[in-house]
Each structure stands twice: as C-alpha cells, then as structure tokens.
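In what follows, a single structure is set out as structure tokens and then discussed.
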Amino acid sequence: MSGNTGSDDEEIITACLQGDRDRFSVLVDRYKGLVYSVAYRLTGDQDKANDAAQECFISAYIHLCDFRFGSKFSTWLYTIVLNKCRDQLRQEKDMLSVDDIAAVRPSEAPDPEQEAVRREVRDDIQRALDALPPDYREVLVLKHIQGLEFQEISRIAGASVSALKVRAHRGRELLRAVMEKAGMNHG
Amino acid sequence: MDKNQDRIDRLFDGDLPEDERRELERQMETDRGLRAELSSLNDAVRLLEGAKPLETPADFTRQVMQRLPEQRASLIDRVRTFLFRGRVLRWNMATAAVAALLLVTAGLAIRHYRPASVTTAQQQTVTVRLNFYAPAAQRVAVAGDFNRWQTNANPLVRADGGVWTVDIRLQPGSYSYMFVVNGTTWVPDPAAESFQDDGFGKKSAVMRVQT
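Have a look at this one:
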C-alpha cells in the first residue's frame, strides 16, 4: 500500500460526506487490492470475491457517516468485507449442495473445461485454505497473509485476542495436516 | 499444555521473547521430533506469508462507482461533518487580526453581561451515571455519538468490586455508545435499555436521556 496517512483518508471521507461522491474512487483505488485479496482468500472463488469486495465498498460508502474518525479506515473495511464473506458463506450453507442440484438437473452441471481452468487458477495456498473451517481461515488470512496484529484482528473479527490465538494455533495445525496430505510440505 | 508446544505457538504468534526463542533453538539441535514439528508448521506459515498480492479484476473501481447511490449527503450530515471534522486552520495576518478583535469584543461583552436567568440549555442537561463491571480491565472509557466516538474523552473510574463508573452530562435525547476496554476492545453495555445494529454485525448500546 502507498504512503498515505489516516488523515489523508479522513480528508477524503469528509469530502464524500459533504457530497463529493467522486472522491470515493480514490479510497476504492487505494484499498481495492486489500479488500479483494481478503475476500478471495476467504471465499476461494474469484466471482464471489469480486461481489463481496464491491458490496464492501458500497456498504462503506452508504454508512460513511458511521465511520469513527481517529480509527483506521482499513480496519473498518476489513470488518465490512469479513461480514460480507461470512454472509455469503452462510447463504451457501443454507442452499442445496451442488451434488443435490446435479442429481436433479444433470444438464446444468458445470462445464468440465471451465472447471479445470478455475481449478488451475487456484494456488496451493487457496487449496489448503479451502479445506479449513471459516473461523480458522479468517484468523490465518488476517494474521499470516495480511500481517495484522491480534489486537487489530480482535477489533475486526469481534472476538477476544485469546480466542483468536486458540483459533490460530488450531488453524496452523490443520493447515499442516492438509499440506502433508496433499504432499505440499517441503521438508 | 506441553511447554515446547506453548513456545512454538507463541513463536508463530510473534509473542516469544528472544531468550526463550534461543532456548527453543538449542533444544531443536538435539530433539529430532521437535525439529520436525517446528519445520512442518514453519512450512505451513511460510506458505501463507509467501502469498503474492492478488490482482483486482479489471474495471473494479469503475464498477463500484457505478453502483454507488446517487444521493448527496443530507444537510444534517454535512452540518455535523462541518462542525466535528478535524481540520488545520491556515491564518493570514488580516484574518488573525479580525479574529483577535472579535475575541476581545466578545470577551468584554461577556464580562459585562448579567443574565436574567440560567439558560434553558443548561437547565436541560442531565447527569447520567454509567457503570460497567470489568475487574480485569486496566482502563475503561465510554465512546458514543455524544463524544464523536472518541476513546479517551470520557474515561471511567475504577470503583469497588471491579465496577467502573463515570458521570456524563447530556442533553435529553437518544444516544448510542459502547465501552472501550484497555483502549482496544469495544463492548456494548450489558445493562443498556436497548441495542441497535451498527450495520456491520456488531451492536451498540442505546440510552435515552429524559429530563
């Protein structure tokens, strides 16, 4: 990320609140990489990540007057995108599984070629993360990919630092097991 | 928990002091099992830490901007922003001189003014006492829309039995607020009369102040 400051973000937020809608694009440009990366690592799908990331910025714009000046804009965005991804995963769980649908309507099964391309795009990290429960995935993504401190993750995820550390320990253990099973360990 | 396992966890959490880290490394030299354990966990963490930044879909910003609602900020929001936003004032000498003159004039006027009665606004301010049970907390403050969600404007004072307390003067109205424990953890008041969703999966406490 660039060398922008919190006060620079706040100046843009103030302009947006005063009706300068176009200035919001500066914030989108500045934080889209961060938001999209988190959304992709949590959902494991490019289309879903794109939806969640767009929804995140739209929610942020609509609720901009609730932003707490003095806090980091990025922390606020992390909170929003995390909730968007949680909603998306929850909705998926409530829907029929792909196997259920395929059993009823075989003609609408995904094109094998498209599926192969989609799988190829996924890197080792994503394949390993996809195998973890969402709670563990969240904390590993924020801690080890985004490099955040537990205090900040606590504000974002709405959980205590001690609970998050337990999730991180278990998540790392699970990740190791997944990698060993998939032959991804190097030594 | 096994001492070494605890150290390994703290190492990856970034919480292991240097002396304990050195001791762990010494043990690793002779303990093959410990070395294998650490190595495989290290592989898992390095895999995550080596994640390359992902490319955002082309046209992302334009798509977001197209989907934003058109409405301008309401008049209330604009007034609120104007009044409360942080800003740096830049003065020239003429402006400073006028401001100084106004201040002197206002000061003299206030000095010679004798009010006939106390103002209505002062009469309507109500003292509200907030209590919060947090025996393990180092410090507690209350942040809400009445203090622009500042985390250090209204600190609570530790009373007996792990209870923290503060008195704040508010005009009648409805206010949302949360306690801030140790400067970082936001907690809604469990004794609040009601709660409201802040739109992002958390709840703020709500109090209604009446005369």
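Chains as they are written, first to last, in our numbering: chain H, 3 to 189; chain R, -1 to 209. Just so you know, even glycine gets a beta-carbon here, dropped at the ideal spot from N, CA and C. What you are looking at is a predicted structure, and each value in this text was computed from that prediction instead of being measured.
Cα separation between residue i and residue j?
{"i": "Ile64 (chain H)", "j": "Glu18 (chain R)", "result": "49 Å"}
{"i": "Ala130 (chain H)", "j": "Leu22 (chain R)", "result": "28 Å"}
{"i": "Asp4 (chain R)", "j": "Asp13 (chain R)", "result": "11 Å"}
{"i": "Pro67 (chain R)", "j": "Phe69 (chain H)", "result": "18 Å"}
{"i": "Arg25 (chain H)", "j": "Ala17 (chain H)", "result": "7 Å"}
{"i": "Asp7 (chain R)", "j": "Ala41 (chain H)", "result": "26 Å"}
{"i": "Ala98 (chain R)", "j": "Asn150 (chain R)", "result": "31 Å"}
{"i": "Asn152 (chain R)", "j": "Asp165 (chain R)", "result": "9 Å"}
{"i": "Gly181 (chain R)", "j": "Asp0 (chain R)", "result": "32 Å"}
{"i": "Ala184 (chain H)", "j": "Val141 (chain H)", "result": "22 Å"}
{"i": "Ser174 (chain R)", "j": "Arg157 (chain H)", "result": "18 Å"}
{"i": "Cys67 (chain H)", "j": "Leu84 (chain H)", "result": "20 Å"}
{"i": "Gln208 (chain R)", "j": "Asp143 (chain R)", "result": "17 Å"}
{"i": "Trp184 (chain R)", "j": "Ala95 (chain R)", "result": "45 Å"}
{"i": "Val179 (chain R)", "j": "Asn145 (chain R)", "result": "17 Å"}
{"i": "Gln20 (chain H)", "j": "Ile82 (chain H)", "result": "22 Å"}
{"i": "Asp11 (chain H)", "j": "Ser73 (chain H)", "result": "10 Å"}
{"i": "Asp49 (chain H)", "j": "Glu27 (chain R)", "result": "47 Å"}
{"i": "Ser164 (chain H)", "j": "Ile155 (chain H)", "result": "11 Å"}
{"i": "Asp126 (chain H)", "j": "Leu52 (chain R)", "result": "14 Å"}
{"i": "Thr77 (chain H)", "j": "Phe59 (chain H)", "result": "13 Å"}
{"i": "Ser27 (chain H)", "j": "Met91 (chain R)", "result": "37 Å"}
{"i": "Met186 (chain H)", "j": "Arg44 (chain R)", "result": "12 Å"}
{"i": "Gln20 (chain R)", "j": "Ala51 (chain H)", "result": "One point to set straight first is that residue 20 (chain R) is Arg, not Gln, in the sequence displayed. Rounded to whole angstroms, Arg20 (chain R) to Ala51 (chain H) spans 42 Å at the Cα level."}
{"i": "Leu36 (chain R)", "j": "Leu9 (chain R)", "result": "10 Å"}
{"i": "Thr163 (chain R)", "j": "Arg156 (chain R)", "result": "6 Å"}
{"i": "Thr54 (chain R)", "j": "Arg65 (chain R)", "result": "17 Å"}
{"i": "Leu79 (chain H)", "j": "His110 (chain R)", "result": "52 Å"}
{"i": "Arg24 (chain R)", "j": "Leu150 (chain H)", "result": "29 Å"}
{"i": "Ile14 (chain H)", "j": "Lys200 (chain R)", "result": "25 Å"}
{"i": "Thr93 (chain R)", "j": "Gln128 (chain H)", "result": "60 Å"}
So is residue i buried or exposed if we call it buried at 16+ other beta carbons inside 10 Å?
{"i": "Arg140 (chain R)", "result": "It should be pointed out that residue 140 (chain R) corresponds to Val in this sequence rather than to Arg. Buried, because 16 or more other Cβ atoms sit within 10 Å of the Cβ of Val140 (chain R)."}
{"i": "His171 (chain H)", "result": "buried"}
{"i": "Ala159 (chain H)", "result": "buried"}
{"i": "His146 (chain H)", "result": "buried"}
{"i": "Leu235 (chain R)", "result": "In the structure displayed, chain R extends from -1 to 209; residue 235 (chain R) sits before or after that span and is not available."}
{"i": "Lys86 (chain H)", "result": "buried"}
{"i": "Lys167 (chain H)", "result": "buried"}
{"i": "Val102 (chain R)", "result": "exposed"}
{"i": "Glu16 (chain R)", "result": "exposed"}
{"i": "Thr59 (chain R)", "result": "buried"}
{"i": "Ser192 (chain R)", "result": "exposed"}
{"i": "Met181 (chain H)", "result": "buried"}
{"i": "Leu106 (chain R)", "result": "exposed"}
{"i": "Gln148 (chain H)", "result": "buried"}
{"i": "Ser39 (chain H)", "result": "buried"}
{"i": "Ile108 (chain R)", "result": "exposed"}
{"i": "Ser32 (chain H)", "result": "Note that residue 32 (chain H) is Arg in the sequence shown here, rather than Ser. Buried is the call here."}
{"i": "Ala104 (chain R)", "result": "exposed"}
{"i": "Ala203 (chain R)", "result": "buried"}
Look at residue i and residue j and say whether their C-beta atoms are less than 9 Å apart.
{"i": "Ala54 (chain H)", "j": "Leu29 (chain H)", "result": "no"}
{"i": "Arg37 (chain H)", "j": "Leu46 (chain R)", "result": "The residue you asked about is not Arg; residue 37 (chain H) is Val in the sequence shown. No, these two residues do not count as a Cβ contact at 9 Å."}
{"i": "Ala42 (chain R)", "j": "Arg178 (chain H)", "result": "yes"}
{"i": "Met176 (chain R)", "j": "Asp158 (chain R)", "result": "no"}
{"i": "Gln136 (chain R)", "j": "Pro170 (chain R)", "result": "no"}
{"i": "Ala56 (chain R)", "j": "Arg43 (chain H)", "result": "no"}
{"i": "Ser172 (chain R)", "j": "Arg127 (chain R)", "result": "no"}
{"i": "Gly46 (chain H)", "j": "Asp132 (chain H)", "result": "yes"}
{"i": "Asp152 (chain H)", "j": "Asp11 (chain R)", "result": "Per the sequence shown, the amino acid found at residue 152 (chain H) is Phe instead of Asp. Cβ atoms of Phe152 (chain H) and Asp11 (chain R): closer than 9 Å."}
{"i": "Phe75 (chain H)", "j": "Trp147 (chain R)", "result": "no"}
{"i": "Leu91 (chain H)", "j": "Tyr138 (chain H)", "result": "no"}
{"i": "Ala161 (chain H)", "j": "Arg174 (chain H)", "result": "no"}
{"i": "Pro136 (chain H)", "j": "Arg88 (chain H)", "result": "yes"}
{"i": "Gly160 (chain R)", "j": "Ala190 (chain R)", "result": "no"}
In the DSSP assignment, what are the bridge partners of residue i?
{"i": "Ser73 (chain H)", "result": "H:Phe71"}
{"i": "Lys201 (chain R)", "result": "R:Asp195"}
{"i": "Thr183 (chain R)", "result": "R:Val179"}
{"i": "Gly142 (chain R)", "result": "R:Tyr175"}
{"i": "Trp162 (chain R)", "result": "R:Phe130, R:Arg156"}
{"i": "Leu168 (chain R)", "result": "R:Val124"}
{"i": "Val218 (chain R)", "result": "Residue 218 (chain R) falls outside the range modelled here, since chain R spans only -1 to 209, and no answer is possible."}
Please look up how many angstroms separate the CB atoms of residue i and residue j, rounded, as I've assumed it's under 8 Å.
{"i": "Leu39 (chain R)", "j": "Asn2 (chain R)", "result": "That pair is no contact at about 12 Å."}
{"i": "Phe130 (chain R)", "j": "Leu154 (chain R)", "result": "6 Å"}
{"i": "Val138 (chain R)", "j": "Ala132 (chain R)", "result": "6 Å"}
{"i": "Val62 (chain R)", "j": "Gln93 (chain H)", "result": "With 8 Å as the limit, Val62 (chain R) and Gln93 (chain H) do not qualify as a contact, their Cβ atoms being about 21 Å apart."}
State yes or no: is the beta carbon of residue i nearer than 9 Å to at least one beta carbon in chain C?
{"i": "Lys167 (chain H)", "result": "Chain labels in this structure do not include chain C; the protein chains are H and R."}
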